[in-house]
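Undergrad: Structure provided below as structure tokens; questions to follow.
Number of protein chains: 2
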Amino acid sequence: MLLLYRNGWPICVKRRIESIVVKCYYDYEQSFAHEKQTLEDIKQTDCAENGVNEMNNNSGNDKTMTIHDVARELGVSASTVSRAISGKGRIGAATRDRILAYIEEHGFYPNAAAQSLAQSRTNNIAIILPEVNTLVDMPFFHTCMYGVEEVAQANDYDIIVVTTNGNDTKPLERLIKNRKVDGMILTRTYENDKYVKFLKQKQIPFVAVGKFPDDDVVQVDHDNVGACKEMVTVLFAKGIQNIAYLGSNMDQMVNRCRYQGYEEAYRKGKRKLNQDLVYTDLSSRAMVEKAVEELKKSGVECILCQDDYICDEVVRKLARMGVRIPDQMKVASCHYSRILENYPVTITSLKFNITELGRRSCQVLLDMIHGKTVPDKTLLDYEIILKESTKG
Amino acid sequence: MLLLYRNGWPICVKRRIESIVVKCYYDYEQSFAHEKQTLEDIKQTDCAENGVNEMNNNSGNDKTMTIHDVARELGVSASTVSRAISGKGRIGAATRDRILAYIEEHGFYPNAAAQSLAQSRTNNIAIILPEVNTLVDMPFFHTCMYGVEEVAQANDYDIIVVTTNGNDTKPLERLIKNRKVDGMILTRTYENDKYVKFLKQKQIPFVAVGKFPDDDVVQVDHDNVGACKEMVTVLFAKGIQNIAYLGSNMDQMVNRCRYQGYEEAYRKGKRKLNQDLVYTDLSSRAMVEKAVEELKKSGVECILCQDDYICDEVVRKLARMGVRIPDQMKVASCHYSRILENYPVTITSLKFNITELGRRSCQVLLDMIHGKTVPDKTLLDYEIILKESTKG
DNA sequence: CTGAAAGCGCTTACAG
DNA sequence: CTGAAAGCGCTTACAG
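In order, the protein sequences belong to chains A and B. For the first sequence, my numbering begins at 1 and goes up steadily by one. For the second sequence, my numbering begins at 1 and goes up steadily by one.
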């Protein structure tokens with residue numbers, strides 16, 4: 001630790017210039033009362049400035065430096081330092097650079113709470129996660145969160161994560177009324193979403209990940225309808241005559257969209273959709289298995305699965321039945337994840353970039369917060385990955 | 001919207017009593033300059049108080065109420081309101097209850113930034129997540145995060161999530177120096193952890209999830225050593241003569257612990273550990289498969305897998321080899337997750353409660369933040385789940 | 001038990 | 001281009 005000497009006494013300059021604190025280096029018992037001095041004194045002591053620099057520099061536990069400290073060191077006012085940091089207001093280039101250099105060198109970070117209070121903005125956004133615990137759902141939200149975090153981080157925002165049961169609005173209310181966040185991202189919305197209503201009423205900037213029926217809600221989603229439509233169209237083009245659809249829960253918007261795309265492809269191809277080939281309420285493994293058995297008997301050529309959770313069960317069931325993919329049954333999934341990587345046969349699927357979904361959601365939210373106009377709906381791209389499972 | 005009338009004019013009381021703002025209800029064009037009035041005026045207007053109450057009550061977008069607003073409404077000082085809310089300092093029970101009731105009724109929440117600034121505490125903690133994208137790792141961190149969030153939430157703390165590459169300390173540094181968090185939870189630590197070093201130096205309260213070699217780091221973990229030791233001991237007790245061990249990465253502390261438990265059980269049982277039965281560097285599926293083949297030839301009775309990712313591959317490989325579990329080979333895993341649910345045969349495994357791990361970590365951190373003394377190491381319980389895969 | 005006042009560390013009109 | 005001062009909305013000794 002570098003010491004600062006005055007009149008032969010070791011002293012340590014802390015915090016505010018008005019309170020020079022004498023520290024116990026040696027001769028602890030002696031009185032250092034005479035060391036009290038004013039700003040003027042210090043300014044006239046040529047060694048002082050260097051001393052202070054060094055102190056702030058190498059002490060891991062230095063008491064928080066403030067904007068005033070750097071102002072004093074540099075002989076400017078706090079206002080000027082503030083301007084240099086924020087880039088707002090007129091400031092001389094030379095002054096700015098000098099201040100910025102000092103700040104960089106000494107690792108000064110402004111107190112977030114003080115900034116918040118003065119500017120009524122927190123540089124925090126909340127991301128609302130549902131309580132999920134299935135291996136299919138978890139990766140989606142986790143990956144999405146990563147994307148959000150990445151963009152937030154890059155813009156000097158932090159994300160506050162709150163998990164909810166989809167019903168209790170208290171946690172959101174607290175966050176908003178406490179002014180802890182500038183905006184919110186809802187990662188799952190429901191038909192009649194309480195949170196959406198609440199946030200609209202509070203006039204808080206927020207975006208919904210996924211499709212939402214309400215038009216005045218800013219949403220970011222993959223083009224599930226278009227993707228499924230194209231997937232089915234491609235399969236038709238490959239000469240497949242009929243394609244069955246296996247889905248689980250039509251309450252969730254994403255599932256609706258996928259089924260809708262499937263339907264539209266049939267219409268577009270001017271083919272008749274046989275409702276016997278459609279299952280949209282498979283809520284258990286047993287039901288999936290039964291469906292697969294029925295479909296095999298019906299002689300359908302291809303099974304399109306709403307997601308890879310269902311696809312996983314379909315593939316396993318077919319294996320147990322001794323049905324070879326793709327020779328005896330073709331299979332495709334509307335969603336790719338690593339679950340699909342563990343089969344002997346590779347699976348044709350749609351591929352969505354979930355991280356990108358998170359990134360874009362965050363970007364849109366930040367734009368809203370900063371008062372830019374944003375598109376009501378942002379639709380992200382998809383890939384169709386054709387693999388062995390639909391070959392032939 | 002309830003209107004407040006004065007002299008026959010509709011007016012709307014906003015925010016601070018000093019700035020009565022006239023709103024455009026009707027007769028918009030007329031000048032309302034004469035409506036400007038002072039605090040005193042309002043106090044003498046008997047209808048005023050009710051008016052204000054109603055306004056704050058039913059307007060979704062009322063400008064933030066402050067402690068002064070409620071103080072004024074109740075005829076007390078801001079200090080008193082603060083005391084009622086915080087519960088600190090002496091305050092009359094009657095006054096307190098009156099204030100609390102008012103606050104409850106009008107949904108007043110104190111501004112978090114102002115509280116932060118005044119008290120130098122944020123009521124935020126950070127949870128540091130590694131960048132992972134495997135189906136095995138993701139659920140762990142996600143589930144752990146849920147646990148942390150649950151306890152944080154219950155204590156009126158919010159969690160700021162930051163994902164890191166394990167190397168760059170800038171994000172942590174920003175969070176700390178900006179004073180955005182009161183403490184941190186590291187969900188994955190490495191042998192020579194940069195973050196740990198950094199946090200120790202900064203003297204920030206933090207806890208490490210999982211075992212960490214350094215003794216002066218507060219850690220919360222499952223008793224992996226004890227659990228594996230007991231698992232192996234139980235298997236021995238069931239009459240199994242030799243047990244192979246399949247693991248992947250000895251860099252991670254958790255894997256070390258599990259292997260250590262395995263070893264200790266051998267020692268405790270006074271059995272000779274044949275190193276041919278031990279694989280601790282299986283970094284690919286091919287290597288696992290080769291190991292399984294070798295072990296089958298060696299005539300070993302049981303395979304203990306470091307985690308269910310390895311177990312998954314073992315089970316599949318055995319199936320492909322036509323080896324029946326448990327008749328021809330017994331299998332157990334040192335970690336249970338839903339991955340293990342999809343087999344025709346149920347798998348014996350250790351079961352750790354990851355959510356609880358998160359909860360406890362958070363609890364310990366909060367205790368540290370609040371200046372309580374906490375145990376250096378908190379070891380959580382485990383369950384041994386005996387299933388078909390080791391029967392007989 | 002309660003209130004007036006100073007302070008937390010920034011920002012931002014305002015005046016020069 | 002720069003500084004002094006007021007303000008953001010709380011908390012907390014201090015005095016009564």
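Built from N, CA and C at the ideal position, the CB exists for glycine as well.
Just mark GLN241 (chain A) as buried or exposed, buried being the case when its beta carbon has 16 or more other beta carbons within 10 Å.
TA: Against the first sequence, residue 241 (chain A) aligns to sequence position 241. Answer is exposed; the Cβ neighbour count stays below 16.
Undergrad: LYS317 (chain B) touches chain A at which residues, Cβ-Cβ below 7 angstroms?
TA: For this step, residue 317 (chain B) is matched to residue 317 along the second sequence. In chain order: nothing, as chain A lies at least about 12 angstroms away.
Undergrad: Short of 6 angstroms in beta carbon distance, which residues of its chain neighbour ALA208 (chain A), apart from the five on each side in sequence? Order them along the chain.
TA: If you number the first sequence from 1, residue 208 (chain A) lands on position 208. Hits under 6 angstroms: LEU186, THR189, VAL217, GLN219.
Undergrad: Grouping DSSP H, G and I as helix and E and B as strand, with all else coil, what is PRO375 (chain A)?
TA: Along the first sequence, read from residue 1 onward, the residue named residue 375 (chain A) stands at position 375. Three-state result, PRO375 (chain A): coil.
Undergrad: State yes or no: is the beta carbon of ILE354 (chain A) nearer than 8 angstroms to at least one beta carbon in chain B?
TA: Looking up residue 354 (chain A) in the first sequence gives position 354. Not an interface residue.
Undergrad: Does TYR266 (chain A) have its Cβ less than 8 angstroms from a Cβ in chain B?
TA: The sequence position of residue 266 (chain A) within the first sequence is 266, counting from 1. It does not; no Cβ of chain B falls within 8 angstroms.
Undergrad: For LEU340 (chain B), go through chain A and note every residue whose CB falls closer than 7 angstroms to its CB, in chain order.
TA: Counting from one through the second sequence, the residue named residue 340 (chain B) turns up at place 340. Neighbours of LEU340 (chain B) on chain A: none; closest Cβ ~11 angstroms, over 7 angstroms.
Undergrad: I'd like the span of the beta strand (DSSP E) that includes ASN124 (chain A), first residue to last.
TA: Start at 1 with the first residue of the first sequence, and residue 124 (chain A) comes out as number 124. From DSSP, the beta strand (DSSP E) with ASN124 (chain A) extends over 124 to 130.
Undergrad: Answer yes or no: does any C-beta atom of chain A fall closer than 8 angstroms to that of GLU149 (chain B)?
TA: Working through the second sequence from its first residue, we reach residue 149 (chain B) at position 149. Yes, GLU149 (chain B) counts as interfacial toward chain A.
Undergrad: Enumerate, from N- to C-terminal direction, the unbroken beta strand (DSSP E) stretches of 3 or more residues contained entirely within the stretch 93 to 167 of chain A.
TA: 124 to 130, 158 to 164
Undergrad: Taking Cβ-Cβ distances below 8 angstroms as the criterion, which residues of the stretch 157 to 178 of chain B are in contact with chain A?
TA: ASP158, ILE159, ILE160, VAL161, VAL162, THR163, PRO171, GLU173, ARG174, LEU175, LYS177, ASN178
Undergrad: Does the Cβ of ARG320 (chain B) have 16 or more other Cβ atoms within 10 Å, making it buried, or fewer, making it exposed?
TA: Working through the second sequence from its first residue, we reach residue 320 (chain B) at position 320. With fewer than 16 Cβ atoms within 10 Å of its Cβ, ARG320 (chain B) is classed as exposed.
Undergrad: Assign HIS370 (chain A) to one of two classes, buried (16 or more other C-beta atoms within 10 Å of its C-beta) or exposed (fewer than that).
TA: Reading the first sequence from its first residue, position 370 is the one you call residue 370 (chain A). With fewer than 16 Cβ atoms within 10 Å of its Cβ, HIS370 (chain A) is classed as exposed.
Undergrad: Residues of chain B with CB closer than 7 angstroms to the CB of ASN242 (chain A), please, in chain order.
TA: Position 242 of the first sequence, counting from 1, holds the residue named residue 242 (chain A). What ASN242 (chain A) touches in chain B: nothing, since even the nearest Cβ is about 29 angstroms away.
Undergrad: In chain B, which residues lie less than 9 angstroms from GLY89 (chain A) when you measure between Cβ atoms?
TA: Here residue 89 (chain A) is taken as the residue at index 89 of the first sequence, counted from 1. Neighbours of GLY89 (chain A) on chain B: none; closest Cβ ~21 angstroms, over 9 angstroms.
Undergrad: Can you give, in chain order, each stretch of the alpha helix (DSSP H) that sits fully within the stretch 253 to 311 of chain B and has at least 4 residues?
TA: 253 to 268, 285 to 298
Undergrad: Taking only beta-carbon atoms, is LYS351 (chain B) less than 8 angstroms away from chain A?
TA: Numbered from 1 along the second sequence, position 351 holds the residue referred to as residue 351 (chain B). By this cut-off, LYS351 (chain B) is not an interface position.
Undergrad: So with Cβ pairs under 8 angstroms, would you call LYS180 (chain B) a contact of chain A?
TA: Taking the second sequence and counting its residues from 1, one reaches residue 180 (chain B) at position 180. Closer than 8 angstroms: yes.
Undergrad: Comparing alpha-carbon positions, which option in A:LEU380, A:ALA227, A:TYR266 lies nearest ASP307 (chain A)?
TA: Counting from one through the first sequence, the residue named residue 307 (chain A) turns up at place 307. ASP307 (chain A) has its Cα closest to that of A:ALA227, out of A:LEU380, A:ALA227, A:TYR266.
Undergrad: Taking the alpha helix (DSSP H) that GLY226 (chain B) belongs to, which residues open and close that run?
TA: As a first step, residue 226 (chain B) must be located in the second sequence, where it is residue number 226. Annotation for GLY226 (chain B): the continuous alpha helix (DSSP H) segment containing it runs 224 to 237.
Undergrad: Which of helix, strand or coil does DSSP assign to THR348 (chain A)?
TA: For the purposes of this step, residue 348 (chain A) is identified with residue 348 of the first sequence, where counting begins at 1. Of the three classes helix, strand and coil, the one that applies to THR348 (chain A) here is strand, per DSSP.
Undergrad: Mind pulling the chain A residues with CB within less than 8 angstroms of PRO110 (chain B)?
TA: Looking up residue 110 (chain B) in the second sequence gives position 110. Neighbours of PRO110 (chain B) on chain A, chain order: ASN178.
Undergrad: For THR246 (chain A), name the three-state secondary structure that DSSP assigns.
TA: Position 246 of the first sequence holds residue 246 (chain A). What sits at residue 246 (chain A) in the sequence shown is Leu, not Thr. The answer is strand: DSSP assigns LEU246 (chain A) an E or B state.
Undergrad: Can you tell me where the alpha helix (DSSP H) with ILE369 (chain B) in it begins and where it stops?
TA: In the second sequence, residue 369 (chain B) corresponds to position 369, counting from 1. ILE369 (chain B) -> alpha helix (DSSP H) spans 354 to 369.
Undergrad: Would you kindly check if the distance between the Cβ of THR378 (chain B) and the Cβ of VAL364 (chain B) is under 8 angstroms?
TA: For the purposes of this step, residue 364 (chain B) is taken as residue 364 along the second sequence, with counting starting at 1. For the purposes of this step, residue 378 (chain B) is taken as residue 378 along the second sequence, with counting starting at 1. Taking 8 angstroms as the Cβ cut-off, VAL364 (chain B) and THR378 (chain B) qualify as a contacting pair.
Undergrad: Counting C-beta neighbours from all protein chains within 10 Å, is the total for ASN111 (chain A) 16 or more, i.e. buried, or is it exposed?
TA: Within the first sequence, residue 111 (chain A) is the residue found at index 111, counting from 1. Buried, because 16 or more other Cβ atoms sit within 10 Å of the Cβ of ASN111 (chain A).
Undergrad: So with CB distances below 7 angstroms, who are the chain A contacts of TYR146 (chain B)?
TA: In the second sequence, the residue the question calls residue 146 (chain B) occupies position 146. Those are THR163, listed as they occur along chain A.
Undergrad: Would DSSP call VAL81 (chain B) helix, strand or coil?
TA: Position 81 of the second sequence holds residue 81 (chain B). VAL81 (chain B): helix per DSSP, three-state reduction.
Undergrad: Could you confirm whether any beta carbon from chain B is found closer than 8 angstroms to the beta carbon of LEU395 (chain A)?
TA: With chain A running from 1 to 392 in the structure shown, residue 395 (chain A) is simply not present.
Undergrad: Counting only beta-carbon separations shorter than 8 angstroms, does HIS142 (chain B) have a partner in chain A?
TA: The sequence position of residue 142 (chain B) within the second sequence is 142, counting from 1. Yes, HIS142 (chain B) lies at the interface with chain A (some Cβ there is under 8 angstroms from its Cβ).
Undergrad: In chain order, what residues of the same chain lie with their CB nearer than 8 angstroms to the CB of ASN274 (chain A), ignoring the 5 residues before and after it?
TA: Sequence index remark: in the first sequence, residue 274 (chain A) carries index 274 (1-based). The residues are ASN242.
Undergrad: Between GLU301 (chain A) and LYS290 (chain A), what straight-line distance do the alpha-carbon atoms span, to the nearest angstrom?
TA: In the first sequence, the residue the question calls residue 301 (chain A) occupies position 301. In the first sequence, the residue the question calls residue 290 (chain A) occupies position 290. The straight-line gap separating the alpha-carbon atoms of GLU301 (chain A) and LYS290 (chain A) is approximately 17 angstroms.
Undergrad: Please report whether the beta-carbon of LEU401 (chain B) lies at a distance below 8 angstroms from any beta-carbon of chain A.
TA: Lying before the first or after the last residue shown, residue 401 (chain B) is absent from chain B, which here runs from 1 to 392.
Undergrad: Buried or exposed for PRO375 (chain B), going by 16 or more other Cβ atoms inside 10 Å?
TA: Locating residue 375 (chain B) in the second sequence gives position 375, counting from the first residue. Classification for PRO375 (chain B): exposed.
Undergrad: In chain order, what residues of the same chain lie with their CB nearer than 6 angstroms to the CB of PHE352 (chain B), ignoring the 5 residues before and after it?
TA: The residue given as residue 352 (chain B) occupies position 352 in the second sequence. Cβ neighbours of PHE352 (chain B) within its own chain (closer than 6 angstroms, five residues either side excluded): HIS222, TYR382.
Undergrad: LYS170 (chain B) and THR122 (chain B) look like a contact to me (Cβ under 8 angstroms); what is the Cβ gap, rounded to whole Å?
TA: For the purposes of this step, residue 170 (chain B) is identified with residue 170 of the second sequence, where counting begins at 1. For the purposes of this step, residue 122 (chain B) is identified with residue 122 of the second sequence, where counting begins at 1. Not really, about 19 angstroms apart at Cβ, beyond 8 angstroms.
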